[in-house]
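Engineer: From first to last, the protein sequence lines stand for chains A and B.
Reading the first sequence from the start, the letters are residues 0 to 385 in numbering that gives the first Met the number 0.
Reading the second sequence from the start, the letters are residues 0 to 264 in numbering that gives the first Met the number 0.
All C-beta atoms in this analysis are idealised placements derived from N, C-alpha and C, irrespective of residue type, glycine included.
Quantities reported herein were computed from a predicted structural model and do not represent experimental measurements.
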Amino acid sequence: MNYFLTEDQKMIKDLAAQIAREKIAPIAAELDESQEFPWEVVKTLAKSDLFRVFVPSEYEGLGGGMFEMCLVVEELSKACSGIALAYAASGLGTIPIILYGNEEQKKKYLPRLAAGEILAAFALTEPGAGSDAAGIKTTAKPDGDSYVINGTKQWITNGGEASIYTVVALTDPERGVRGSSTILVEKDHPGFTFGKKENKMGIRASATRELVFQDCRVPKTNLLGKEGMGFLVAMKTLDQSRPGVASQALGIAQGAMDKAIEYSRERHQFGKPISSFQGIQFMLADMATQVEAARALTYAAARSIDSGEKDVSRMSAMAKVFASDTAMRVTTDAVQVLGGYGYMKEYPVEKMMRDAKITQIYEGTNQIQREVIALGLIKESVRGKK
Amino acid sequence: MKIIVCIKQVPDTTNVRINPETNTLVREGVQSIINPFDVYAIEEGVRLKEKHGGTVTVITMGPPQAAEALREAISLGADAAYLVSDRAFAGADTLATAYALACAVRHLGGADVILMGRQAIDGDTGQVGPGVAENLDISHITDIRKIEEIADGRIVVERLLEEGYARIAARLPVILTVVKEINTPRLPSLKGKLAAKKAEIPVLKAADIGAEVERLGLNGSPTQVMKIFTPPKPGGGKKFTGEPPQTVGALLSELTAAGITIRKR
């Protein structure tokens, strides 16, 4: 399939693929076991300028957009989506600064994020606010030139490893979600600590931690956008980043499918390679068809975002839903193709199956995504648009 | 510090096949790469630059498409690259190649350190490095696994031996051929790749580098390749299986039966 990549996009994809092959694949199983954060890979990605691809060129980026970020995430995820997540989650934390940061904030943070010197993270979820993101309880009380933050954020990717956190908190709790704001909190702001690292089913090389704020004082200059815009900033950020999750899922699916095809040619039963059996062939054909469809949808969503289209919620939700459901199905089938070997840790597909599951859950469960899609449809119909 | 790295574009031999009838390399569909040993030389050059300052210039002798290898070298951190290319160079053996490269180095104003890989993976001679040094009348040290220090016009290196290594000092300028133990080459960066895409790669012809035509290409190459062939696979062979005491005994009696005397120490 020709996706008409530019020379520069091909270059980005090839370099990411080389890093995946040479630096990620060899350590994927080890880090899955040890849950060690992939700082070495992060350094390699930084030196290769891959953190620059989606940052505007005024801030030492290479001026690409979500599509370029998606190309990187897809390639890295073919080898290990847990390791790839260190990159993707930093992207998620960087997007709100790109979208809503003022000149000073952009100058302060983007060059260092582009260079990969520091990582970013995005903090919305709380123990009582998952799909119901509007139910957040963390407060940021204005006090002179500062905000004083209190509360707990849960399951924050890159938590404890990132240096800069985009935190959604209530600056005016009485107004509920309309009183929420997004604030940039640095790792060493006093009163900001981390809970234990979560022990996860998949994406185990990524760091997931609780963020604890106890009278954490942050200067008011760290407010992103305006007070009361917190929920909007969060939703717009997630609209942009969802194709990133989709490409992570896409990479997992492609990686698993590649392994299944390779194995089916090597594995002999009844005196023939199992790839000669129609039962296996049909599975491979279905995998490939779904993966390609997921890729087409993901790329289209990312490119729509980069084109500056205003309403991207639906497109980006569709890409996330379809690609993550595809990843779950394809990895499950890949384990099936590898049979007993597929179930063993010596082969990489059982890990891919564990890794795939989270893509249906995080950055908005697939059920919430379907609601977003359906509500968009209904709204449009009410307005009488076609 | 002025650093020149000499590289060679070679077919990726991990994918190379030999045509059994003509005994020649099947070149169709085989990718060209920078000779792997030369990638270590480029990396070492870039590290020297990062440590001591200066410039890294990469040169290669080859057909126009060898410019691709030079672009890759720029993406790996080299500052400039020159393609030494002329019909007159065609058919050069190691003697003529070393002469041409030496002329190019002289044309570029020489260097403090000239680096190359210990050998190219297609020809495997390892002669060009020392050959360039002889032509330039400077020292050369082969099989370098570490550059210890460079100071006051003097260099100290470790030369890999079959067992252990030798520590050698030499006066600059010097030619070093490197082994893969010397470093871990970095991956290219996007900025490097973008620079490589835009980089101008001047072509140096025989006349530009002041080379004598009779010492170039086929004319300057005393080596004549009579025949290239794939060595026959060693046939037969016998495998003894079982526990060592039995297999050793069986092997000994087989050897004795074949008339081979075994002396005990």
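Say whether chain B places a C-beta atom closer than 9 Å to the C-beta of methionine 65 of chain A.
Structural biologist: Judged by the 9 Å Cβ criterion, methionine 65 of chain A is not in contact with chain B.
Engineer: Does chain B have any CB closer than 9 Å to the CB of glutamate 6 of chain A?
Structural biologist: By this cut-off, glutamate 6 of chain A is an interface position.
Engineer: So, are the CB atoms of tyrosine 81 of chain B and leucine 94 of chain B less than 9 Å apart?
Structural biologist: Taking 9 Å as the Cβ cut-off, tyrosine 81 of chain B and leucine 94 of chain B do not qualify as a contacting pair.
Engineer: Do glycine 363 of chain A and arginine 313 of chain A have their beta-carbon atoms positioned less than 9 Å apart in this structure?
Structural biologist: No.
Engineer: Using a Cβ cut-off of 8 Å, which residues of the stretch 203-224 of chain B contact any Cβ in chain A, in chain order?
Structural biologist: Listed by position along the chain: nothing, the set is empty.
Engineer: Residues of chain B with CB under 8 Å from isoleucine 11 of chain A, in chain order?
Structural biologist: Those are Leu189, listed as they occur along chain B.
Engineer: Which same chain residues end up closer than 7 Å to alanine 66 of chain B when comparing Cβ atoms and leaving out the 5 residues on each side of it in sequence?
Structural biologist: If we look at alanine 66 of chain B and ignore the five residues flanking it on each side, its Cβ neighbours are Leu82 and Ile200.
Engineer: If you draw a straight line from the alpha carbon of alanine 373 of chain A to that of isoleucine 367 of chain A, how long is it in whole angstroms?
Structural biologist: If you take the alpha carbons of alanine 373 of chain A and isoleucine 367 of chain A, they lie about 10 Å apart.
Engineer: Which chain A residues are close to lysine 192 of chain B, counting only those with a beta carbon under 8 Å from its beta carbon?
Structural biologist: Chain A residues near lysine 192 of chain B: Met10 and Leu14.
Engineer: Excluding the 5 residues flanking arginine 328 of chain A on each side, which residues of the same chain have their C-beta closer than 7 Å to its C-beta?
Structural biologist: Taken in chain order, the residues that qualify are Gln289.
Engineer: Determine the DSSP secondary structure at cysteine 215 of chain A, reduced to helix, strand or coil.
Structural biologist: DSSP places cysteine 215 of chain A in strand when its eight states are reduced to three.
Engineer: Excluding the 5 residues flanking lysine 22 of chain A on each side, which residues of the same chain have their C-beta closer than 8 Å to its C-beta?
Structural biologist: Contacts found: Glu39, Val40 and Thr43.
Engineer: Helix, strand or coil for proline 10 of chain B per DSSP?
Structural biologist: Note: proline 10 of chain B maps to strand in three-state DSSP.
Engineer: When you compare the stretch 208-216 of chain A with the stretch 84-91 of chain A, are there three or more beta-carbon pairs, one atom per stretch, that lie closer than 8 Å?
Structural biologist: The stretch 208-216 of chain A vs the stretch 84-91 of chain A: no contact.
Engineer: On the DSSP letters alone, give me the boundaries of the beta strand (DSSP E) that lysine 145 of chain A sits inside.
Structural biologist: It is serine, not lysine, that sits at residue 145 of chain A in the sequence shown. Counting along the chain, the beta strand (DSSP E) containing serine 145 of chain A begins and ends at 145-156.
Engineer: Give a yes or no on whether the minimum CB-CB distance between aspartate 48 of chain A and chain B is below 9 Å.
Structural biologist: Answer yes: the Cβ-Cβ gap between aspartate 48 of chain A and chain B drops below 9 Å somewhere.
Engineer: What is the DSSP secondary structure of serine 84 of chain B, counted as helix, strand or coil?
Structural biologist: Note: serine 84 of chain B maps to coil in three-state DSSP.
Engineer: Pick from A/Pro55, A/Leu61 and A/Met0: whose alpha carbon is nearest that of glutamine 8 of chain A?
Structural biologist: Nearest C-alpha to glutamine 8 of chain A: A/Leu61.
Engineer: Grouping DSSP H, G and I as helix and E and B as strand, with all else coil, what is isoleucine 137 of chain B?
Structural biologist: Isoleucine 137 of chain B: coil per DSSP, three-state reduction.
Engineer: If we cut at 9 Å on Cβ distances, does leucine 175 of chain B have a partner in chain A?
Structural biologist: No, its Cβ sits nowhere closer than 9 Å to a Cβ of chain A.
Engineer: Measure the C-alpha to C-alpha separation of leucine 47 of chain B and leucine 283 of chain A and round it to an integer number of angstroms.
Structural biologist: Each residue's alpha carbon lies about 50 Å from the other.
Engineer: For chain A, is any of its Cβ atoms less than 9 Å away from the one on leucine 186 of chain B?
Structural biologist: Chain A contact via Cβ: present.
Engineer: Since leucine 61 of chain A meets chain B, which of its residues come closer than 7 Å, beta carbon to beta carbon?
Structural biologist: Result: Leu189.
Engineer: Check whether the Cβ of glutamate 197 of chain A lies closer than 9 Å to any Cβ atom in chain B.
Structural biologist: No, because no Cβ of chain B sits closer than 9 Å to the Cβ of glutamate 197 of chain A.
Engineer: At least one CB of chain A closer than 9 Å to the CB of lysine 197 of chain B: is that the case?
Structural biologist: Chain A, which has no Cβ nearer than 9 Å to the Cβ of lysine 197 of chain B, makes this no.
Engineer: Looking only at C-alpha atoms, which of B/Ser188, B/Lys7, B/Gln245 and B/Glu253 sits nearest to phenylalanine 50 of chain A?
Structural biologist: Taking only the C-alpha atoms, the option nearest phenylalanine 50 of chain A is B/Ser188.
Engineer: Starting from the beta carbon of threonine 43 of chain A, find every residue of chain B whose beta carbon is closer than 7 Å, and list them in chain order.
Structural biologist: Under the 7 Å cutoff, chain B gives Leu186.
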